[in-house]
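Protein chains in written order, with the working numbering: chain A, 1 to 561; chain B, 1001 to 1309; chain C, 2001 to 2176.
All C-beta atoms in this analysis are idealised placements derived from N, C-alpha and C, irrespective of residue type, glycine included.
Here the structure is a predicted model, which means the values were calculated and not measured.
Inspection log for the structure reproduced underneath, given as structure tokens.
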Amino acid sequence: MKTHLLTYATFLAALICIFPSLLQAQNSSIGSQVNGNFQMDAQYYRVDSAIGALPVPEKMQMNSWTNITYTSGDFNAGLRYETYLNPVNGYDPRYKGTGIPYWFVDYKTGKFQITAGHIYEQFGGGAIFRTYEEHNLGYDNALNGIRVKFTPAKGVELKGIYGTQRYFWDKGPGIVRGADADFNLKDWIPSLENSKLRVRIGGSFVSKYQADEEIYNSSQEKLMLPLNVAAGAGRIDLGYGNFGLNAEYAQKINDPNATNNFIYKKGESLLLTATYNQKGLGIILQAKRLDNMGFKSKRTETGNVLDIGYLPAITKQQTYTLAAVYPYATQPNNEMGMEAQVNYKIAKNTFLGGKYGTDIAVNFSAINSIVKELVNDTTLLDESGTLGYKSPFFKVGDTKYFRDFNIEIGHKFTKSFKLLFTYMYEEYNTAIIEGHIDDTVLVHANILVAEMTYKLSPEKALRLETQALLTQQDEGNWVMALLEYTVAPKWFVSVADQWNCGNEDTEKRFHYPLAAVAYNNDANRIQLSYGKQREGIVCVGGVCRNVPASNGFTLTITTSF
Amino acid sequence: MIKITILKSILIIAASVLVLASCDKIDAPYIVPNTDPIEPEDTAACPVPKFPAVTAHYKRALIEDYTGHTCVNCPRAALITHDLKDKYQDSLVVVAVHAGFYAKPSTSDSVWAYDFRTPAGTEWDNFFKVGAVGNPNGMVSRKGYPNNQQVLSPPSWANAVKNTVSEAPLMDLQLITEYDSAKDKLCIHSKISFLQAFTERTLKISVIITEDSIIQAQKNNDVTVGTTPSILNYVHTHVMRGAVNGIWGTPVLLIPENSSFAPVVTTFQTHFTNFNLNTMVPKNCHVIAFVFDAETKEVLQVAEVQVVE
Amino acid sequence: MKNIFFVTLLLCFGTALFAQETGADKVLFKLPKATVTDMKGTKVNTEKISNDGKPIIISFWATWCKPCLKELNTIAEVYEEWQAETGVKLYAVSIDDSRSSSQVKTLVNGKGWNYEVLLDPNSEFKRAMNVNAVPHTFILNGKGEVVWQHTSFSEGAELDVINVVRKLNAGEPLPH
């Protein structure tokens, strides 16, 4: 089978070599075309027992994937070749291997679009169905099956999906079926056409089937499992002038599984978003509640695989290295939270705005547990084989998971000097989010980042990032500096150092230097870096794994064609 | 064009640095003694007992629960092994392997400073990538290794055990121990009696020691198991304390092919002398022996006996 | 078999990497079909992206991507001048998923950008365009064909973008 696929892949690979030249010869009258992209990350490891970088027997590890898409009129097909030999540090070891785990054919005819093969699709916000890939994070839950899209009239879209999900090099045991309908009322009600009011509504239904298996409640009892588990969701998107309101509510029937300790309670989720927008000002308010919504196409699975629904965290995604040390991870079965964000631009040529204006963004998020009450006097909370707990909808639980208050100010002082300043206060529950605890449960951290860009000439610029993470808990204080020199648009050179200067254990005050050089040309990028990477922890669904520290070279090549 | 040349050189240099650096230059001596030699056991010190005749043969399953004392989700997994052990009794053997990040002792002098890790457990964890997938996770009779499917989540152990015990056993494995408390010496005798014809296959036997009833602190987040976030007097069970005959066991001496089935019997003796040194309590300890395929690593049969009756 | 495959792939990669060096103003590919949504929630077919025969810039970005914000901020300062001079139109395609897609509008308004903003929350368009990582910028000629692309952003790279647009308008060969 594998040789078969390889023959196919070789043939296609050969095609892309020849095709573009053929096609380009015809120039603008392109009837069909072949495109693709490629990425390779190779790491060479050195042993560094001080920081915990263990010996890697193969010394080098490599991840790589190549996408090839063929388009001809309304016909579209593609495949992805992946190779992980062996998966680089931090990837799930079960990715080890080589093959073509993804391919599809797609045809559009009139009001129909049919896709067969591996499918990425999302219903509404994705609460009960979303398949997607995020290769840099090692995530892929593609649906292997079919999809039909039908657009009977303008403003109406109906979708149906049927298949199983990707499980590394295999398929998950559950069959996932679903349908979604989306209506844009503007296209239906003539009086809305020119009104300030916008209304979009949608609904979806998903059901998973998994054959029966033996799950013991105790040595003498086993669980009666539902073989079909259904979930439904409804959404509405309202807009009036500058105001917007968006709501998505989902419900799931009894779904005893490994992530909820096999309880039979129904699941529920709600996400509410209110926005106000005008030029120079944007405000957003969000509220969210998740109760027993872990939804996977395998009952006994606990890892970061086979998710049917997507329940994103409503916290700001931080990208500065030290601000991202304590990232929040959604707790699909138990979470209640809110987020507020204001973006404001102080106009040009004002006292505070200066010559170029000033950008301000303030963001706050707070996540707690939900309230869990006993079902009756004889049942423990979350006891398997019971309804588990009762939860009042509007009550916020006492356990603090996460707090983040951050403010970001960007100002351009002169034509060649820009400053971006970030302050962040964070509280982070290691027990809940990382599933392990040292002596404290809640980490309190203050984080400061200043990013300065100085233009030396129209193409050359220097960028300096200075960061500090101040905390009494965990590993104590960290500081970091990064200096980058760029020659637009092709060259990047950077040096950085992270220093755990505040570690209580004075022998663990390590430096983590990193140097990188990158060359870009059109859609090609080659980057070589050398340095040390600190240890990290990844947790999903009650299973946590440690990503060991590393010390060595990384070579990354990406291209699109 | 100059930049393209630079680009090419960088690419070539980078690639060659990476590839050239990935080699292991071996200097003489090229031959070293095998670290797990088959030492003929001193049968005078450990006289071979008479094994009782067995009439009912059945296959037993081995659960290896990879765990750690700072892993909050692990007590729930331990509970699953207890339930399964209750259900399957002698047909199931459980080992709690403390290995990896969550088994690391805390450097500060606290209740978390104790260390249950063993060299064999750590090596197995690295080899089978259990901790790399996450904790808690485990293996049932080490099945699925050739397909990278050996790591199983705790709720899926029940099905795997059920399937394993329903298989026809390839062999019977008997285990007899004699403990001499004065000399702190444990003699371990095992006997393999093949029950089926088999084609050429390299088999190995591993002997390990586990201990029950060790009271130490354990992190926990499940109220149905105990207090959260820590259970200070948690009772650890089936804790693997070490491998008696090396990390990957000892080869089982076999006639290479036995297609015309005739009962083949092979015995293996070994001894262990370190209970006091390792502060283990002999009456809480068990000896576990398992025979596995050296290539697929699948555990074909397993047996467990108490050190002291 | 595997070896042949790898060699072919390597060759392809080589051709792909260096072919563009010589392929001056060749058409790279036609805009693929995908469905995205605009800021009013209306579905838009990417084939319909147009600018009355004038050049188009398509820039893939995300609210959490610092270099992307830098690129779009930098261009925002000169966008009016660019439009007046060349008639170019910029489509900023956000790949934020439902975690942050509601923040796109807030950010765009907060920054005061005048771009055509499109949402691609499940990366359908991103995959169709074979984008590996953001920022990734494409330039289309008046016929809606992609003629230039670039990944990453550094200060001054915007000069290359407008330079390509000017050459397109003047019918001169494109720099690479």
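| Query | Result |
| --- | --- |
| Is the separation between the beta-carbon of glycine 388 of chain A and that of valine 396 of chain A shorter than 8 Å? | no |
| Could you work out which residue in A/Glu434, A/Thr109, A/Phe104 is closest to tyrosine 120 of chain A when comparing CA atoms only? | A/Phe104 |
| Suppose the cutoff is 6 Å on Cβ atoms and the five residues either side in sequence are ignored; what does the same chain contact list for aspartate 255 of chain A look like? | Val229 |
| Let's see if you can read the secondary structure: which residues bound the beta strand (DSSP E) around alanine 2034 of chain C? | No beta strand (DSSP E) contains alanine 2034 of chain C, which DSSP labels as neither H nor E. |
| Could you confirm whether any beta carbon from chain C is found closer than 8 Å to the beta carbon of lysine 455 of chain A? | yes |
| Please confirm if methionine 1 of chain A has its CB atom under 8 Å from at least one CB of chain B. | In this predicted model, methionine 1 of chain A has a pLDDT of only 43, less than 50, meaning its place in the structure is not dependable enough to derive any value. |
| Provide the residue(s) that pair with threonine 1266 of chain B in DSSP beta bridges, ordered along the chain. | B/Ile1192 |
| Taking Cβ to Cβ, would you say proline 1136 of chain B is nearer than 8 Å to proline 1155 of chain B? | no |
| Answer yes or no: does any C-beta atom of chain A fall closer than 8 Å to that of alanine 1132 of chain B? | yes |
| Listed in chain order, which residues of the stretch 2121-2134 of chain C have Cβ atoms closer than 9 Å to some Cβ of chain A? | Pro2121, Asn2122, Ser2123, Glu2124, Arg2127, Ala2128, Met2129, Asn2130, Val2131, Asn2132, Ala2133 |
| By alpha-carbon positions, which one of B/Gly1068, B/Ile1192, B/Leu1173, B/Val1161 ends up nearest to histidine 1238 of chain B? | B/Gly1068 |
| Would you please state the rounded distance, in angstroms, between the beta carbons of asparagine 1220 of chain B and valine 1072 of chain B? I believe it to be under 8 Å. | 6 Å |
| Flag isoleucine 284 of chain A as yes if its beta-carbon sits less than 8 Å from any beta-carbon of chain C, otherwise no. | yes |
| Identify each residue in the stretch 2100-2118 of chain C for which the Cβ-Cβ distance to at least one residue of chain A is less than 7 Å, and report them in chain order. | Ser2100, Ser2102, Gln2103, Lys2105, Thr2106, Leu2107, Asn2109, Gly2110, Lys2111, Gly2112 |
| Check whether the stretch 223-243 of chain A and the stretch 196-209 of chain A touch, using three or more Cβ-Cβ pairs below 8 Å as the test. | yes |
| Short check: CB of arginine 525 of chain A to CB of serine 2059 of chain C, under 8 Å? | no |
| Less than 8 Å between the C-beta atoms of phenylalanine 205 of chain A and alanine 247 of chain A, yes or no? | no |
| Can you say whether phenylalanine 38 of chain A is buried or exposed, counting buried as having 16 or more other CB atoms within 10 angstroms of its CB? | buried |
| Within 8 Å (strictly less), CB to CB, does isoleucine 2058 of chain C reach chain A? | no |
| Please classify threonine 559 of chain A as buried or exposed, where buried requires at least 16 other C-beta atoms within 10 Å of its C-beta. | buried |
| Pick out whichever of C/Lys2043, C/Ser2101, C/Asn2141 has its Cα sitting closest to the Cα of valine 2088 of chain C. | C/Asn2141 |
| Which whole-angstrom value is the C-beta distance of leucine 281 of chain A and tyrosine 344 of chain A, which I expect to be below 8 Å? | 5 Å |
| Select from A/Ala549, A/Asn261, A/Gly244 the residue whose C-alpha is nearest the C-alpha of threonine 2106 of chain C. | A/Gly244 |
| Taking the beta strand (DSSP E) that valine 1207 of chain B falls in, what are its first and last residues? | 1203-1211 |
| Is there a C-beta anywhere in chain B that falls below 8 Å from the one on aspartate 255 of chain A? | no |
| Within 8 Å (strictly less), CB to CB, does leucine 22 of chain A reach chain C? | For leucine 22 of chain A, the predicted model reports a pLDDT of 45, less than 50, meaning its position is unreliable and no value from the coordinates is stated. |
| What residues are listed by DSSP as bridge partners for tryptophan 478 of chain A? | A/Leu469 |
| Quick check: serine 1193 of chain B and aspartate 1172 of chain B, are their CB atoms within less than 8 Å of each other? | yes |
| Would you kindly check if the distance between the Cβ of valine 1095 of chain B and the Cβ of methionine 1280 of chain B is under 8 Å? | no |
| Would you kindly report the start and end of the unbroken beta strand (DSSP E) that includes serine 269 of chain A? | 267-278 |
| Since lysine 298 of chain A and proline 173 of chain A should fall inside the 8 Å C-beta cutoff, what is the C-beta to C-beta distance between them, to a whole number of angstroms? | 5 Å |
| Can the beta-carbon of arginine 80 of chain A be found less than 8 Å from the beta-carbon of tyrosine 102 of chain A? | yes |
| If threonine 486 of chain A and alanine 461 of chain A are in contact, beta carbons under 8 Å, what's the gap, nearest whole angstrom? | 5 Å |
| Within 8 Å of any Cβ in chain A, is that where the Cβ of proline 1229 of chain B sits? | yes |
| Quick one: which residues of the stretch 1155-1176 of chain B get their C-beta closer than 7 Å to a C-beta of chain A? List them in chain order. | Pro1155, Ser1156, Ala1158, Asn1159, Lys1162 |
| What three-state label does DSSP hand valine 2164 of chain C in the structure shown? | helix |
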